[in-house]
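Numbering that gives the first Met the number 0 puts the first residue of the sequence shown at 0, with every later residue one more than the last.
Step one of this worksheet: look at the structure below.
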Amino acid sequence: MPEQLKQDYLGGRGFAVKMLYELLPKDTDPFAPENLLIFATGPLNGTVAPAGASLTAVTRSPLTGLLGIDTTSGFWGTELKFAGYDMVVIQGQADELVYLEIDDDRVTIKPADWLRRRGVHDTTNLLQERLGDDFKIAAIGPAGENRVLYASIVCDHMDKLSRTGLGAVMGAKNLKAIAVHGTKDINLANTDRFLSKMKESHNAVKNDPMFIPLSRYGTTELFEEAHSAGALAIRNNQEGVFNRIIGVSRNTIDNLSRGPDRRLVERPCSFCIMPCKAYIEIKKNGEPVRRNRPHYQTLASLGPRLGISSAQTIIEANHLCEDMGMDPVSFGGSLAFLMECYQRHKFDQDVLEWGSDSQLLDLIRETAFRQGSGDLLSQGVRRMSLLFPGSREFAMEVKGLELPGLDGRAAKAHALAMAISNRGGDTSLHWPQFEIFEKSEQEAEDLFVYGSAADPQDWRGKASMVIWHEYFAALLDSAGICKHYAFSAYALKPRDIAEFLTYATGTTYREMDVMMLGERVSTVERMFNLRFGMNPTTDDTLPKRLLNERLNDGKAQGQTIELGRMLQEYYTLRGYTEDGYLRMDYLQNLNLVRGEVVTH
Ligand code: SF4
C-alpha cells in the first residue's frame, strides 16, 4: 500500500472511495461485470479502540447511478482484519451462483447453487453449518439475486449494508455470500498509551446522558428523540403528528422484548461498550426464534411513514426485509409513494391502505421476487414517479435515493444533509443528531461556532453543523470506528481519533490533519458523482413537498425548509463555486488533482 495513500485516505471508506474513483471506468453500467464492489475496514477496526468495528462497502449504485455506499458495524469487518485484509475488491461476474471463502491466506470461490432463492438467515446458518461457527458471513437474499434496485447485504444475520443497492450489484456478480475467518494478531505501536486512552474514552462515553438510554433501548431511543422534535415522516410526509405513536414507541418495543416466553439479548459489536444492537429471543413450540430489534430508521419507514402503528408488525416486516436482503427504508419509502399515488388517483391498484398491515409481508416478498406490484416497487420512487404524471410533487427522494423516515422541515440540519449527501437522500453519511438532542446553545457554539444550530427548526448555523459531521463521519468510517457510537453520545471527538491513530500506527496525527482527511474523502465522493453525471443545480435539492408545503401540525407546524440559504452557506464554507462545483485550487489544497477532474 503506497505510503501517500495511507497518509491521505487512512483506510476503510477513504481507501474504498479512492479505489472506486481511480479504477472504475466512466459510464460503467452498475450491473456490468466491470463494476466494482469494494469492502474495506480501517486501521482501528479490530484493535480495542471503542466501537472499532466499522465496515464500509462501495460500488456504482444501480438505484442512483452515483456513489453506492453504506457502512455498518459488527463482526464481519473485524474478522476480515484478523484474516489479514484491509480491503476486498470484487470485479467480474461468475458463470454460476458462487460464494467466496476467505480463511486467512486461503481464498476460494465455491459453487452456491444450493443456496439459490434462500433467505439471508438460512444462507448464513447453512454456510456456518458447513464451514464452522468461526466463519462470519455476509450474504444476499432473493432481492439481491433478482436485482431489486435497493437490495442489501446482511452480515451475520444483523449488520446491514442496506442502502443504495449494494446487494443488487453483488447479485449481478452471481456472488451469494462471502464467508471469512481470520486468526492473525493486530499489533499496536504503543499498547500502553492506547489502552490508557481507551479507558479515558470509555469513561467519557459512560458519563454522557445518552449512554444509559441507548444501551437499554438501542436506536429506538433516537426514534423517541425524532418524535419529540416532530420530525417523523408520517404518511409520506403528509402530516406532522402520528396519533397512534404509542403503538410503535420505544417503551412498547421494549415491553414486547421481555416476558415469560421471551428475552432481550444484547448484541454489542466488537469492542463496543454501548450495546445499541439487540435481538428478541422468543420461545415457539420450545424452540428459540430470533427477531432483531428494529433500527430507528426502519421503525420510522415501516411505521408512521405508512401509518402503521403495530410494533409487532414492524418487527416481523423488518425480519422479512432482512431475510429477503432488502433495504427497509427504500422499501417503506417506495410503498408510501405508491400508496399516495393511489390516494391521488394516479395509480389504480390499491396496494395497501394507510395504517393497514394486512398485505405488508406479502408485498415485501413480492418485491424481493419482483412479482405483481412488487416489480413496480422494486424500481424505487424516482423510476415510479416518471410513470405517473403529477407525482413528482410528492416523490420523496433525492438523487434517486428514498429519504429516511424523517421530516427535514422539523430538523434543518437533517434537511441539508439529505440535499447534499454523496449517496443521495439520506443523513447517514452525517448523522447530525445533535440538533434533536436538546443540547444547549453553548454546546452548539463550542462545536459549530453558531449557538443557533442547537435549535432544530433554525436554519442558521446548520451548514457549519453539517460540515463538521460530514468530515468527522468520513474520518470515523475511514478509521474503522462506529458512527452511532460517536454521534449518539458525542463524547468521542476528532482529537480522540487522532490520538488513537497515533498510538495504533506510530505516526503522529493531529486533529487538524484528521478532519482534513475527512474533507478529502467526502470530496473524492463528490468528484465521483460529478464524473457520473451529477448536476448540483438539479441534484443538490429536496422534494417539492418539503420546500413548498408547510407542515400542517405538530411541533414544527408551519415549517418549510430554507434550502437556498443553507445551500449557499454550505457551498461557501466548503469552498465550492456558488453553483456547487469544485474549484481547482480547492482540489489542489487537498492534494486531489490527478487525472480527469470534472469541475464544471
Ligand atoms: S454503538 Fe451500536 S452499532 Fe455502534 S458498535 Fe456499538 S453496538 Fe455496534
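Glycine included, C-beta positions come from ideal geometry on N, C-alpha and C.
Exercise. Got a sec, what are the start and stop residues for the alpha helix (DSSP H) residue 17 sits in?
Worked result: 11-22
Exercise. Any heavy atom of the ligand SF4 within a distance shorter than 7 angstroms of the CB on residue 274?
Worked result: yes
Exercise. Going by Cα to Cα distance, which pick from 48, 93 and 281 is closest to residue 194?
Worked result: 48
Exercise. Taking 7 angstroms as the cut-off, does the CB of residue 372 come closer than this to any heavy atom belonging to the ligand SF4?
Worked result: no
Exercise. Nearest to residue 265 by CA position, among 278, 330 and 259, is which residue?
Worked result: 278
Exercise. Thinking C-beta only, is residue 218 closer than 8 angstroms to residue 120?
Worked result: no
For this session: Decide yes or no for the touch test of the segment 116-134 against the segment 171-191: beta carbon pairs closer than 8 angstroms, at least 3 of them.
Result: yes
For this session: Could you name each continuous alpha helix (DSSP H) segment of 4 residues or more that falls completely within the segment 440-521, going from the start of the chain to the end?
Result: 440-447, 461-478, 482-488 and 493-504
Problem set entry | Exposure of residue 434, with buried meaning 16 or more beta-carbon neighbours within 10 Å | buried
Exercise. What three-state label does DSSP hand residue 72 in the structure shown?
Worked result: strand
Exercise. Any idea if residue 511 is buried or exposed, counting beta-carbon neighbours within 10 angstroms, 16 or more meaning buried?
Worked result: exposed
Exercise. What's the call for residue 392, buried or exposed, on a 16-neighbour Cβ count within 10 Å?
Worked result: exposed
For this session: Tell me whether residue 72 counts as near the ligand SF4, meaning its Cβ is closer than 7 angstroms to at least one heavy atom of that ligand.
Result: yes
Exercise. Around the Cβ of residue 80, are there at least 16 other Cβ atoms within 10 angstroms (buried) or fewer (exposed)?
Worked result: buried
Exercise. With DSSP run on the structure shown, which of helix, strand or coil describes residue 546?
Worked result: helix
Exercise. Just how far apart, CA to CA, sit residue 503 and residue 477?
Worked result: 14 angstroms
Problem set entry | Runs of alpha helix (DSSP H) wholly within the segment 285-347 (minimum 4 residues, chain order) | 295-301, 310-323 and 327-342
Exercise. Just the Cα atoms here: how many angstroms apart are residue 133 and residue 437?
Worked result: 43 angstroms
Problem set entry | Beta bridge counterpart(s) of residue 283 as assigned by DSSP | 286
Problem set entry | Cα-Cα separation, residue 237 to residue 550 | 8 angstroms
Exercise. In the segment 165-212, which residue ranges form an unbroken beta strand (DSSP E) of at least 3 residues, counting only runs that do not cross its ends?
Worked result: 174-180
Exercise. According to DSSP, is residue 277 helix, strand or coil?
Worked result: strand
Problem set entry | Selection from 150, 301, 560 and 283 that minimises the alpha carbon distance to residue 610 | Lying outside 0 to 599, the shown extent of the chain, residue 610 is not represented and no answer is given.
Problem set entry | Cβ-Cβ distance between residue 269 and residue 74 below 8 angstroms | yes
Exercise. Using CA coordinates, which residue listed in 159, 403 and 303 is at the minimum distance from residue 140?
Worked result: 159
For this session: Pull up the distance between the alpha-carbon of residue 577 and that of residue 8, whole angstroms please.
Result: 27 angstroms
Problem set entry | Member of 291, 362 and 543 whose CA lies at the smallest distance from the CA of residue 407 | 543
Exercise. Taking all protein chains shown into account, do 16 or more other C-beta atoms lie within 10 angstroms of the C-beta of residue 1, making it buried, or fewer, making it exposed?
Worked result: exposed
Exercise. What did DSSP end up calling residue 533 once you bin it into helix, strand or coil?
Worked result: coil
Exercise. Regarding residue 293 and the ligand PLP, is the C-beta to nearest heavy atom distance less than 7 angstroms?
Worked result: Among the ligands in the structure shown, the ligand PLP does not appear; only the ligand SF4 can be found there.
For this session: With a threshold of 7 angstroms, establish whether the CB of residue 278 neighbours any heavy atom of the ligand SF4.
Result: no
For this session: Verify the contact flag: residue 8, CB atom, against every heavy atom of the ligand SF4, threshold strictly below 7 angstroms.
Result: no
Exercise. Between the beta-carbon of residue 424 and the beta-carbon of residue 443, is there less than 8 angstroms?
Worked result: no
Exercise. Taking 8 angstroms as the CB-CB limit, is residue 87 close to chain D?
Worked result: Protein chains in the displayed structure number just one, and chain D is not present.
For this session: Could you name each continuous alpha helix (DSSP H) segment of 4 residues or more that falls completely within the segment 213-268, going from the start of the chain to the end?
Result: 219-227 and 249-255
Exercise. From residue 527 to residue 51, what does the alpha carbon distance come to, in whole angstroms?
Worked result: 27 angstroms
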